[in-house]
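Peer 1: Below are the C-alpha cells for one structure; questions will follow.
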RNA sequence: GCCCCCGUAGCUCAGCAGGAUAGAGCAACGGUUUCCUAAACCGUAGGUCACAUGUUCGAAUCAUGUCGGGGGCGCCA
C-alpha cells in the first residue's frame, strides 16, 4: 500500500521531468540502515543510461519534484544514486490506525485473485504410522494452505492414499504372519521386505479379538483380502487421528483403490496411446518419455501384466488437471524427485500445461537429543513417529520447528531445545510476547487507562525510534505474506514473527507502557501493543500455533 | 556416470525475483529485578558469505566450473 503510493509518486515525477523508464521494475526496499530512510529505490540507477544522465543527476531531478509531497518528511539522493524516503509521522499514525481497524484481518488481501490451487501433501503410504517427514509435510502444507487462503488464493488440501498395489499386498501378508504367530505358529524367518513394526502385532491382536480363529476357515485369497482391508482401514484411521491431533485437516482424501475401480488407469493408458507415445517391447508396455525430456523410457505395464506405480500417478495427475486447478502443488519427500521427470514427460505428452505443476521437495529430518543424533531404522521398525514427537515436544513446538526452516533445507530438530520453556526456545519467546501483551492490556483495563477508541492525536505521541520501527515492521506484514504465498515458503513468516516478538520484548524492557501518570502516552502505547498482539496472533494462527494469553 | 538439496560466526540457521556497513538465536564472557510477567533485557567477543571465473554501476544473492557434505537414480512405491 505504501509501496504502491511511492511507485505512483515516482512515475508521476518521471513524467513531469520528461524522463523515460527503460526498466519499470525498480525495487522499493526497506533499507537495513536506518540512516537510509524508511524506503529506498534504485530507479535512477536502473534508468539513468536511457536518459543520458548520470544516476545521481537523474535522482536529483526526481527528488526536486518528490520533496514537495506532504507524505514524506524527506526525500534524498544517496550513495551511487539511490533515492531515500523518510515518511512523515502522520503517515505512521495512519498506518497504525489501519492495522488496528483491520484487527485479525490485517494482512489479508485479494492478492491471489481467487486462483484455484491444489495442495497435495503428506500422502503417506497407508502401511504404517506417520513419521517425522510426514509431520514436516503436514505442518508445511497446512500453513501454506492457511496463508494462501488469507492472501486471496483458493487453495484445496488433498491427501492421496496409496491403497493399492504391491506394498499393500505385503502389508496384508505381514499381518497374516503376525496373526498366525498369535495362533501359535512359529515363523522362523520374517521376510525382510515385510513390515516389521510393532503396530502390525497390535493390528493382529485387534483383528484376533474381533474375529478369533474364524479367518482360518476362509480361503487364503479371501483371508488376505480381509487382512488387507482391515489393515488399510485401521492404519488410515490411525493416520487421520495423528493429523487431527496435529491440527491438520484435508478437504479430500483421494483413494487410489477407488480411482482404479473407476477405470482411470485404463483411461490414462488410452490417452497415452492416443498421443502415440507408447510401445511394446519384451512383453511390457513402455512410455516413450525420452521424447519429452526424460533420460530414458519407462515401463507402464510390466511383463506380468500389472501396471507400474507410474500409471496411477499419471492418472491421478490427469484428474488434477481435469478438475481445473490453476496451480498444482505436489509436496514431496526427499526420495521422490526422481519421479518428476517421468511425470512431467507424461504431462507434456498429454498436452497439459507443465508450468502449472510445481513440486516442493522437503528434505530430510535428523532428530537430535542431548546432542546425539537419534538413530532410526525403518526395517527394524525402529522409527520415531509423528505421534511420538507430538507427545514429546507438543504441537506448538513441533509445528514451529518444522516451519522455521526453508523446505529445501535439511532439518536438524533439537528435541531438547523444543522442550525448553525459556527464551532459548523461539516458540516460547514468541508466545510469551503475546501473553505478556495480553497481561499488560488486562492490567491497563483494571486501572482504567485502556483506551476505548482510537484518536489520531493520541497516536501521534508515538515518536520514539523503537515505536516507529515497530510500526514499520508491521507495515511490511502484508508484503511478507504475499511474497511467501508466491514463493511457497512459510518459514519467512516464522522468521518475521520471531523478529517482531523480539522488537516487542526490547521495547517493553526499555519503556513503561501502561503508566497512570501519563495517560495519553500510555494509551498510544497500548494501541501500539494491541496492534503487535494482533499481528503475532495472526501469524501464529496461520502457522497453526496457539497464542496463549497467559503463560 | 546422471539428477536433486546444502556449504554464511564455535553450533543451528536467516538473508538469495542483485543494492549501501552481511543478521538472529544458542554457546562464551560481563551486567540488569523496591518497576506493567526475568519464559525478559543490556553489553563484549566472534566472518576471506567453501573456492575460482564471468555477467554489471554494484554479487552472499545470478551464470559456469571446482571442491566438500547429504539424498536419489529398478518391469519396488
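Numbering (the numbering used here), first residue to last: 19 to 569. Beta carbons are placed, not taken as given, at the ideal position from N, Cα and C, and that holds for glycine.
1. Measure the C-alpha to C-alpha separation of residue 123 and residue 130 and round it to an integer number of angstroms.
2. Is it right to say residue 505 is buried, meaning 16 or more other beta carbons lie within 10 angstroms of its own, or is it exposed?
3. What do you reckon, are the CB atoms on residue 188 and residue 222 nearer than 8 Å?
4. Please list, in chain order, all residues of the same chain as residue 233 whose beta carbon is under 6 Å from its beta carbon, the five residues on each side excluded.
5. At what residues does the alpha helix (DSSP H) containing residue 432 begin and finish?
6. My output table needs one value for residue 570: the three-state DSSP class, helix, strand or coil.
7. Taking only runs that begin and end inside the stretch 441-483, name each unbroken alpha helix (DSSP H) of 4 or more residues, in chain order.
8. When you compare each of 542, 190, 172 to residue 475 by their alpha carbons, which one comes out closest?
9. Between the C-alpha atoms of residue 562 and residue 175, what's the straight-line distance to the nearest angstrom?
10. From the DSSP output, in three-state form, read off residue 92 for me.
11. Quick one: what's residue 102 bridged to in DSSP?
12. For residue 551, count neighbouring Cβ atoms within 10 angstroms of its own Cβ and tell me buried if that reaches 16, exposed if not.
13. Please check the pair residue 159 and residue 140, which I expect to be a contact at CB under 8 Å, by giving their CB distance rounded to whole angstroms.
14. Just the Cα atoms here: how many angstroms apart are residue 444 and residue 250?
15. Residue 297: buried (16+ other C-beta within 10 angstroms of its C-beta) or exposed?
16. Check residue 501 in the structure and name its three-state DSSP category.
17. Out of curiosity, what's the CA-to-CA distance linking residue 33 and residue 85?
18. With 16 other CB atoms within 10 Å as the buried threshold, where does residue 231 fall?
19. Going by other Cβ atoms of all chains shown within 10 Å of its Cβ, with 16 needed for buried, is residue 228 buried or exposed?
20. Do residue 368 and residue 329 have their C-beta atoms within less than 8 Å of each other?
21. If you measure between the beta carbons of residue 366 and residue 310, is that distance less than 8 Å?
22. So for residue 204, helix, strand or coil by DSSP?
23. Could you work out which residue in 87, 74, 72, 93 is closest to residue 81 when comparing CA atoms only?
24. DSSP beta-bridge partners for residue 344?
25. Can you tell me whether residue 529 is buried or exposed? The criterion is at least 16 other CB atoms within 10 Å of its CB, across all chains shown.
26. Report buried or exposed for residue 102, applying the criterion of at least 16 other Cβ atoms within 10 angstroms of its Cβ.
Peer 2: The structure says:
1. Position 105 of the first chain, counting from 1, holds the residue named residue 123. Position 112 of the first chain, counting from 1, holds the residue named residue 130. Pairing residue 123 with residue 130, the inter-Cα distance amounts to about 16 Å.
2. Your numbering for residue 505 matches position 487 in the first chain. Result: exposed.
3. Indexing the first chain from 1 puts residue 188 at position 170. Indexing the first chain from 1 puts residue 222 at position 204. Not a contact, by the Cβ cut-off of 8 Å.
4. Walking along the first chain from the start, residue 233 turns up at place 215. Around residue 233: 241.
5. For the purposes of this step, residue 432 is taken as the residue at position 414 of the first chain. The continuous stretches of alpha helix (DSSP H) do not include residue 432, which lies in the beta strand (DSSP E) extending over residues 429-432.
6. With the chain running from 19 to 569 in the structure shown, residue 570 is simply not present.
7. The qualifying runs are 444-464, 474-477.
8. The count along the first chain starts at 1 and reaches residue 475 at position 457. Comparing Cα-Cα distances from residue 475 to each of 542, 190, 172, the minimum goes to 542.
9. Indexing the first chain from 1 puts residue 562 at position 544. Indexing the first chain from 1 puts residue 175 at position 157. If you take the alpha carbons of residue 562 and residue 175, they lie about 15 Å apart.
10. For the purposes of this step, residue 92 is taken as residue 74 along the first chain, with counting starting at 1. DSSP, read as helix, strand or coil, puts residue 92 in strand.
11. By one-based count along the first chain, residue 102 stands at place 84. Answer is 58, 94, bridged to residue 102.
12. Working through the first chain from its first residue, we reach residue 551 at position 533. Buried: at least 16 other Cβ atoms inside 10 Å.
13. Residue 159 sits at position 141 when you count from the first residue of the first chain. Residue 140 sits at position 122 when you count from the first residue of the first chain. The C-beta separation of residue 159 from residue 140 comes to about 7 Å, placing the pair in contact by the 8 Å criterion.
14. By 1-based counting over the first chain, the position of residue 444 is 426. By 1-based counting over the first chain, the position of residue 250 is 232. If you take the alpha carbons of residue 444 and residue 250, they lie about 38 Å apart.
15. Position 279 of the first chain, counted from the first residue, corresponds to residue 297. Residue environment: residue 297 is assigned as exposed (fewer than 16 neighbouring CB atoms within 10 Å of its CB, all protein chains considered).
16. Sequence index remark: in the first chain, residue 501 carries index 483 (1-based). In the three-state reduction of the DSSP assignment, residue 501 falls in the helix class, which pools H, G and I.
17. One-based indexing of the first chain puts residue 33 at position 15. One-based indexing of the first chain puts residue 85 at position 67. So the alpha carbons of these two residues sit roughly 15 Å apart.
18. Numbered from its first residue, the first chain carries residue 231 at position 213. Classification for residue 231: exposed.
19. Counting from one through the first chain, the residue named residue 228 turns up at place 210. Taking all protein chains in view, the Cβ of residue 228 is surrounded by fewer than 16 other Cβ atoms within 10 Å, so the residue is classified as exposed.
20. Counting from 1 along the first chain, the entry for residue 368 is found at position 350. Counting from 1 along the first chain, the entry for residue 329 is found at position 311. No.
21. What you label residue 366 is simply residue 348 of the first chain in a count that begins at 1. What you label residue 310 is simply residue 292 of the first chain in a count that begins at 1. In this structure, residue 310 lies closer than 8 Å to residue 366 by Cβ.
22. Mapped onto the first chain, residue 204 falls at position 186. In this structure, residue 204 counts as coil in the three-state DSSP scheme.
23. Translated into the one-based positions of the first chain, residue 81 becomes position 63. Of the listed residues, the one whose Cα sits closest to residue 81 is 93.
24. Along the first chain, read from residue 1 onward, the residue named residue 344 stands at position 326. According to DSSP, residue pairing for residue 344 in a beta bridge does not occur.
25. Locating residue 529 in the first chain gives position 511, where the first residue counts as 1. Exposed: under 16 other Cβ atoms inside 10 Å.
26. One-based indexing of the first chain puts residue 102 at position 84. Residue 102 counts as buried, since no fewer than 16 other beta carbons sit within 10 angstroms of its beta carbon.
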